[in-house]
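First comes the structure, then the notes that go with it.
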Amino acid sequence: MKEEYLIYKLSEKMKEASKIDNDLFSKFDVKRGLRNEDGTGVLVGLTNIGNVVGYQRVEGGGLKPVPGKLYYRGYNVEDLANAAIKENRFGFEEIAYLLLSGDLPDKEELQSFKRLIHRNATLEHTTLMNIIELEGSNVMNILARSVLELYTFDPNPDDTSRDNLMRQSIDLLAKIPTIIAYAFNMFRHATFGRSLHIRHPRKKLSFAENFLYMLKRDYTRLDAKMLDLLLIVHAEHGGGNNSTFSVRVTSSTGTDTYSSIAAGIGSLKGPLHGGSNIQVVDMFHHLQKTIKDWTDTQEIDDYFEKMLKKEAYDKSGLIYGIGHAVYTISDPRAVILKDVARDLAREKGKEKEFAFLELLEDRGILTFERVKNNGKTVSSNVDFYSGFIYEMIGLPVEIYTSLFAMARIVGWCAHRNEELNFQGKRIIRPAYRSIFDEVSYVPLDKR
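The numbering of the sequence shown is the working numbering, which starts it at 65 and goes up by one.
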């Protein structure tokens with residue numbers, strides 16, 4: 065039997081073996097995707113780290129949409145972000161300290177924390193060379209492999225004591241920007257023949273500034289402030305999002321930090337999770353070319369209706385950047401980013417593009433509610449403006465999802481540390497109900 069035919073035959077058998085009657089999920093009260101019937105997440109744990117609010121439960125068990133709120137250790141993320149904006153300073157390091165420790169730092173603690181991050185940001189020579197040699201078109205895969213590589217250079221990689229977990233958390237937080245910057249420069253060199261630049265992080269630069277310096281050197285202060293803000297709003301999003309839950313599931317087994325974080329990176333890479341801002345940017349470029357009059361609401365509505373009916377664009381039936389699993393009336397991260405995107409568009413001479421994107425947001429929500437007519441309240445999500453900001457900063461699309469990981473690493477480590485330090489810890493092990501009938505074994509010569 066030829067290999068190609070065998071693979072085809074096995075594929076067809078897999079198709080048949082994977083069929084499950086949808087009615088059985090209701091019959092056995094299966095929580096598909098760990099979701100309840102009303103779309104809310106199944107409660108599987110408790111946390112002191114983050115909270116995502118998009119609705120309220122009302123008497124009778126229904127859900128009431130409310131303006132979205134996101135909390136880090138009890139602090140409203142809008143207050144944290146606005147404080148950095150108002151004081152004209154970089155705030156991500158402060159947020160990282162808060163998420164890892166549970167408290168906001170004072171000035172001395174913050175400066176010491178910044179020095180600690182910088183001291184750990186440089187890669188050992190062997191690790192650096194291994195990263196440079198990892199040619200590939202996907203920076204997320206290089207990032208996952210590089211994180212696993214760091215295990216071999218850790219003197220106590222399997223130690224899950226509290227002090228060692230914190231040391232590993234800070235080391236990963238510090239090194240991931242360096243890995244991403246070097247990995248992209250290697251990709252650019254290998255793919256496009258561009259010069260290979262290796263710039264070491266600089267002591268006096270902030271976390272966001274250092275990344276931009278290592279990646280492309282030329283940037284404005286506003287570019288760095290925008291990246292810093294994006295890092296703040298992406299740093300944490302509760303324990304139930306797919307990548308954080310992946311980190312908590314693997315951590316519950318007692319595995320090492322590097323294996324657990326690599327699992328989170330693998331989850332985030334998926335287009336249904338961290339890769340959606342790329343899809344928003346691609347859709348925006350498509351609409352820029354397709355919509356003849358960027359101010360014509362009827363033309364925009366008609367095209368969005370075709371998209372929702374799977375008749376236009378990629379025929380997925382989606383308007384990317386509209387809707388969220390938890391947020392209803394608004395996504396607080398999108399609210400924050402929309403305001404700063406307006407300022408950045410003004411600096412970059414992209415006011416027309418921003419006005420078009422703002423109109424697309426408005427018409428997308430209205431068209432979705434009109435066409436779907438399912439009573440669901442939707443809003444734009446964080447991805448609607450994040451990709452546009454990345455693009456204006458001049459960041460390459462190949463690292464958009466990696467930037468998400470660069471911010472979320474602090475949330476992942478905080479959840480891992482909480483999972484391993486909870487006194488009543490148990491390995492996470494949900495159940496799947498088998499629906500096959502028992503069969504008797506048939507000897508090989510009688511099949």
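Don't be surprised by glycine CBs; every beta carbon is placed ideally from N, CA and C.
Exercise. If we ignore side chains and look at the alpha-carbon of each, how far apart do LEU163 and GLY475 end up?
Worked result: Here residue 163 is taken as the residue at index 99 of the sequence shown, counted from 1. Here residue 475 is taken as the residue at index 411 of the sequence shown, counted from 1. Their Cα atoms are separated by approximately 7 Å.
Exercise. Going by DSSP, which residues form a beta bridge with TYR119?
Worked result: The residue labelled residue 119 in the question sits at position 55 within the sequence shown. In the DSSP secondary-structure assignment, TYR119 is bridged to PRO129.
For this session: State the beta-bridge partners of TYR136 as determined by DSSP.
Result: Within the sequence shown, numbered from 1, the residue matching residue 136 stands at position 72. Bridge pairing for TYR136: GLY114 and TYR139 [DSSP].
Problem set entry | Minimum Cβ-Cβ distance from VAL106 to chain B less than 9 Å | In the displayed structure, chain B is absent; only one protein chain is listed.
For this session: Please state if the CB of GLY302 and the CB of THR441 are separated by a distance shorter than 9 Å.
Result: Counting from one through the sequence shown, the residue named residue 441 turns up at place 377. Counting from one through the sequence shown, the residue named residue 302 turns up at place 238. Taking 9 Å as the cut-off, the beta carbon of THR441 is found no closer than this to the beta carbon of GLY302.
Problem set entry | Contact check, ALA245 vs LEU279, beta carbons under 9 Å | Against the sequence shown, residue 245 aligns to sequence position 181. Against the sequence shown, residue 279 aligns to sequence position 215. Inclusion of ALA245 and LEU279 in the CB contact set at 9 Å is warranted, their separation being smaller than that value.
Exercise. Bridge partners of ARG99, per DSSP?
Worked result: One-based indexing of the sequence shown puts residue 99 at position 35. Answer is GLY105, bridged to ARG99.
Exercise. Should SER394 and PRO131 be called a contact, given that it needs their Cβ atoms to be closer than 9 Å?
Worked result: In the sequence shown, the residue the question calls residue 394 occupies position 330. In the sequence shown, the residue the question calls residue 131 occupies position 67. For the pair SER394 and PRO131, the CB atoms are nearer than the 9 Å cut-off.
Exercise. For the putative contact between ILE386 and PHE432, defined by C-beta atoms under 8 Å, what is the C-beta separation to the nearest angstrom?
Worked result: Locating residue 386 in the sequence shown gives position 322, counting from the first residue. Locating residue 432 in the sequence shown gives position 368, counting from the first residue. Contact flag correct, Cβ pair sits at about 6 Å.
For this session: Would you kindly report the start and end of the unbroken alpha helix (DSSP H) that includes ASN184?
Result: One-based indexing of the sequence shown puts residue 184 at position 120. Per DSSP, ASN184 belongs to the alpha helix (DSSP H) from 171-185.
Problem set entry | Three-way DSSP call (helix, strand, coil) for SER504 in this model | The residue given as residue 504 occupies position 440 in the sequence shown. DSSP places SER504 outside both helix and strand once states are collapsed to three, so it counts as coil.
For this session: Look at the Cβ atom of VAL297, then the Cβ atom of VAL446, and state whether they are nearer than 9 Å.
Result: Translated into the one-based positions of the sequence shown, residue 297 becomes position 233. Translated into the one-based positions of the sequence shown, residue 446 becomes position 382. A contact, by the Cβ cut-off of 9 Å.
Exercise. Taking three-plus beta-carbon pairs below 8 Å as touching, is the segment 207-223 in contact with the segment 257-271?
Worked result: Counting Cβ pairs under 8 Å, fewer than three are found: no touch.
For this session: Please classify ILE386: does DSSP put it in a helix, a strand, or coil?
Result: Mapped onto the sequence shown, residue 386 falls at position 322. Strand.
Exercise. What number of angstroms, rounded off, separates the C-alpha of ALA288 from the C-alpha of ASP93?
Worked result: For the purposes of this step, residue 288 is identified with residue 224 of the sequence shown, where counting begins at 1. For the purposes of this step, residue 93 is identified with residue 29 of the sequence shown, where counting begins at 1. Looking at the two C-alpha atoms, the distance is approximately 49 Å.
Exercise. Which of helix, strand or coil does DSSP assign to SER210?
Worked result: Reading the sequence shown from its first residue, position 146 is the one you call residue 210. Helix.
Exercise. At what residues does the alpha helix (DSSP H) containing ASP346 begin and finish?
Worked result: Here the question's residue 346 lines up with position 282 in the sequence shown. Per DSSP, ASP346 belongs to the alpha helix (DSSP H) from 340-354.
Problem set entry | 3-residue-minimum beta strand (DSSP E) runs that sit fully inside the segment 212-267, ordered along the chain | Fully contained in the segment 212-267 is no beta strand (DSSP E) run of length 3 or more.
Problem set entry | Element boundaries [alpha helix (DSSP H), containing PRO396] | In the sequence shown, counting from the first residue as 1, residue 396 sits at position 332. According to the DSSP assignment, PRO396 belongs to the alpha helix (DSSP H) that extends over 396-412.
Exercise. In three-state DSSP terms, what is SER444?
Worked result: Taking the first residue of the sequence shown as 1, we reach residue 444 at position 380. DSSP, reduced to helix, strand and coil, places SER444 within a strand of the structure shown.
Exercise. What number of angstroms, rounded off, separates the C-alpha of LEU88 from the C-alpha of ASN437?
Worked result: On the sequence shown, position 24 is the one that residue 88 refers to. On the sequence shown, position 373 is the one that residue 437 refers to. Here the alpha carbon of LEU88 sits roughly 27 Å from the alpha carbon of ASN437.
Exercise. To which residues of the same chain is TRP358 closer than 6 Å at the C-beta, ignoring the five residues directly before and after it?
Worked result: Counting from 1 along the sequence shown, the entry for residue 358 is found at position 294. If the five residues before and after TRP358 are omitted, its C-beta is found closer than 6 Å to the C-beta atoms of PHE420, all from its own chain and listed in chain order.
Exercise. Can ALA471 and SER233 be called in contact, C-beta distance under 9 Å?
Worked result: Position 407 of the sequence shown, counting from 1, holds the residue named residue 471. Position 169 of the sequence shown, counting from 1, holds the residue named residue 233. In this structure, SER233 does not lie closer than 9 Å to ALA471 by Cβ.
Problem set entry | ILE342 beta carbon less than 9 Å from that of THR465 | Looking up residue 465 in the sequence shown gives position 401. Looking up residue 342 in the sequence shown gives position 278. The answer is yes: Cβ separation under 9 Å.
Exercise. From VAL461 to GLU455, what does the alpha carbon distance come to, in whole angstroms?
Worked result: Indexing the sequence shown from 1 puts residue 461 at position 397. Indexing the sequence shown from 1 puts residue 455 at position 391. Take the alpha-carbon of VAL461 and the one of GLU455: they are about 8 Å apart.
Exercise. Are GLU151 and LYS178 touching if we call contact CB-CB under 9 Å?
Worked result: As a position in the sequence shown, residue 151 is number 87, starting the count at 1. As a position in the sequence shown, residue 178 is number 114, starting the count at 1. The Cβ atoms of GLU151 and LYS178 do not sit closer than 9 Å to each other.
Problem set entry | N- and C-terminal bounds of the alpha helix (DSSP H) containing VAL313 | By one-based count along the sequence shown, residue 313 stands at place 249. First-last of the alpha helix (DSSP H) with VAL313: 306-315.
Exercise. Alpha carbon to alpha carbon, what distance is there between ARG263 and PHE248?
Worked result: Looking up residue 248 in the sequence shown gives position 184. Looking up residue 263 in the sequence shown gives position 199. A direct Cα-to-Cα measurement between PHE248 and ARG263 gives close to 13 Å.
For this session: Locate the alpha helix (DSSP H) running through GLU422, then write down its first and last residues.
Result: Along the sequence shown, read from residue 1 onward, the residue named residue 422 stands at position 358. Under the DSSP assignment, GLU422 falls in the alpha helix (DSSP H) whose first and last residues are 415-436.
Problem set entry | Reference LYS133, options ILE71, PRO221 and VAL399, closest by Cα | Numbered from its first residue, the sequence shown carries residue 133 at position 69. Taking each of ILE71, PRO221 and VAL399 in turn and checking the Cα distance to LYS133, the smallest one comes out for VAL399.
Exercise. Would VAL390 pass as a contact of GLY118 if the rule is Cβ separation under 9 Å?
Worked result: In the sequence shown, residue 390 corresponds to position 326, counting from 1. In the sequence shown, residue 118 corresponds to position 54, counting from 1. Their beta carbons are under 9 Å apart, which means VAL390 touches GLY118 by this criterion.
For this session: Express the C-alpha separation of TYR69 and MET250 in angstroms, rounding to a whole number.
Result: Position 186 of the sequence shown, counted from the start, is the residue given in the question as residue 250. Position 5 of the sequence shown, counted from the start, is the residue given in the question as residue 69. Cα atoms of MET250 and TYR69: separation of roughly 38 Å, rounded to the nearest angstrom.
Exercise. Which term fits MET371, buried or exposed, when burial requires 16 or more other beta carbons within 10 angstroms of its beta carbon?
Worked result: In the sequence shown, counting from the first residue as 1, residue 371 sits at position 307. It counts as buried.
For this session: Reducing DSSP to helix, strand and coil, say where VAL94 ends up.
Result: Counting from one through the sequence shown, the residue named residue 94 turns up at place 30. VAL94 falls in the coil class under three-state DSSP.
For this session: With distances taken Cα to Cα, identify the nearest neighbour of VAL404 among ARG183, MET65 and ILE149.
Result: Within the sequence shown, the letter at position 340 stands for residue 404. Between VAL404 and the set ARG183, MET65 and ILE149, the nearest pair of CA atoms involves ILE149.
For this session: Give the range of the alpha helix (DSSP H) segment to which LEU279 is assigned.
Result: Counting from 1 along the sequence shown, the entry for residue 279 is found at position 215. 271-279 is the span of the alpha helix (DSSP H), which, as asked, contains LEU279.
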